[in-house]
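Enquirer: One structure follows; several queries about it will come next.
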Ligand SMILES: [Zn+2]
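Spelled out as structure tokens, the structure:
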């Protein structure tokens with residue numbers, strides 16, 4: 013994916029989601045979205061969460077049904093091609 017596409021994705025996420033989007037973009041760009049063999053995780057400010065296209069293990073999503081920034085970070089990292097790949101099983105680390 014070229015640089016301009018990445019810029020476009022970033023701008024779009026920030027425009028649509030404001031501060032939440034910026035947080036997501038930052039995490040996506042800083043390699044805090046990690047794909048293990050079994051799960052994909054986002055390293056948040058206080059914890060690490062297992063995420064998917066429309067699923068997250070954090071409290072906002074699980075209890076309050078909100079679309080949290082972790083899911084956004086996952087989608088953004090996917091679009092930007094910045095998902096860090098780890099040849100490990102996440103299950104073994106927790
Ligand atoms: Zn979440």
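Numbering (my numbering), first residue to last: 13 to 106.
Every residue gets a Cβ at the ideal spot worked out from N, C-alpha and C, and that includes glycine.
If we ignore side chains and look at the alpha-carbon of each, how far apart do residue 70 and residue 61 end up?
Expert: Using only the alpha carbons, I get a separation of about 6 Å.
Enquirer: Do you know how far the Cα of residue 84 is from the Cα of residue 73?
Expert: 12 Å
Enquirer: Is any heavy atom in ligand 1 found nearer than 7 Å to the beta carbon of residue 99?
Expert: no
Enquirer: Determine the direct distance from the alpha carbon of residue 68 to that of residue 90, and round the result to whole angstroms.
Expert: 15 Å
Enquirer: Ligand 1 and residue 72: does any heavy atom of the ligand fall closer than 7 Å to the residue's C-beta?
Expert: Under cutoff, so the answer is yes.
Enquirer: Excluding sequence positions up to five away, which residues of its chain have a Cβ less than 8 Å from the Cβ of residue 101?
Expert: Correct list, in chain order: 48, 49, 50.
Enquirer: How should residue 33 be labelled, buried or exposed, when 16 other C-beta atoms within 10 angstroms of its C-beta is the threshold for buried?
Expert: Residue 33 comes out buried.
Enquirer: When you compare only the Cα positions, how much space is there between residue 58 and residue 36?
Expert: Roughly 15 Å between the two C-alpha positions.
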